[in-house]
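S.K.:
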Amino acid sequence: MKSILNLGKWLFILPFAVFGFLHFGPTEFTIDYIPDYLPFKVFWIYFSGVCLIAFAVAAAFKKFDKLASVLLALELILFVFIIHIPKAMEGDFVQFIGIFRDTAMAGAALMYAKYVATDERFV
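Position in the sequence shown (first residue = 1) + 12 = the working numbering.
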């Protein structure tokens, strides 16, 4: 049973690595998510991808994993307020799902920081 529970850490980390790498695919799939008031839209797509991959690497190697998971939670909350809520208010129902998905993942990232992460150098 313990080995199944230990698998949970990897089931949490792996999707963030995949999401991060997906940010380096064709930008026409993600460019519409970036609000019009932000300059350098392609930069933000790549930057958020790098941040997601950075969390996955930090968590996998247990280096700066607590800091990385707190920053991941911050990134996800920013996604909610910068991307999902404004698009949902425009009538995009899919963004309501994004609001709750990213809020849940932010909560999970904070729980990861508290109960799983081991490197306490900065947090």
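Beta carbons: idealized from backbone N, C-alpha and C, even for Gly.
Can you tell me which of S15, G32, M123 puts its alpha carbon nearest to the alpha carbon of L64?
M.R.: Ranking S15, G32, M123 by Cα distance to L64 puts G32 first.
S.K.: Buried or exposed: which applies to S15, given that a residue is buried once 16 or more other Cβ atoms fall within 10 Å of its Cβ?
M.R.: The residue is exposed, with fewer than 16 neighbouring Cβ atoms inside 10 Å.
S.K.: Here's the rule I'm using: 16 or more other beta-carbon atoms within 10 Å means buried, otherwise exposed. How should I95 be labelled?
M.R.: Under this definition I95 is a buried residue.
S.K.: Under 7 Å Cβ to Cβ from D114, same chain only, skipping five residues before and after it: list those, please.
M.R.: Once the five neighbours on either side are set aside, the close Cβ partners of D114 are L88, F91, V92, H96.
S.K.: Using the three-state DSSP reduction, which class does P98 fall into: helix, strand or coil?
M.R.: Three-state result, P98: helix.
S.K.: Distance, Cα to Cα, T42 vs H35?
M.R.: Each residue's alpha carbon lies about 8 Å from the other.
S.K.: Less than 8 Å between the beta carbons of F76 and F28, yes or no?
M.R.: For F76 and F28, no; Cβs fall outside 8 Å.
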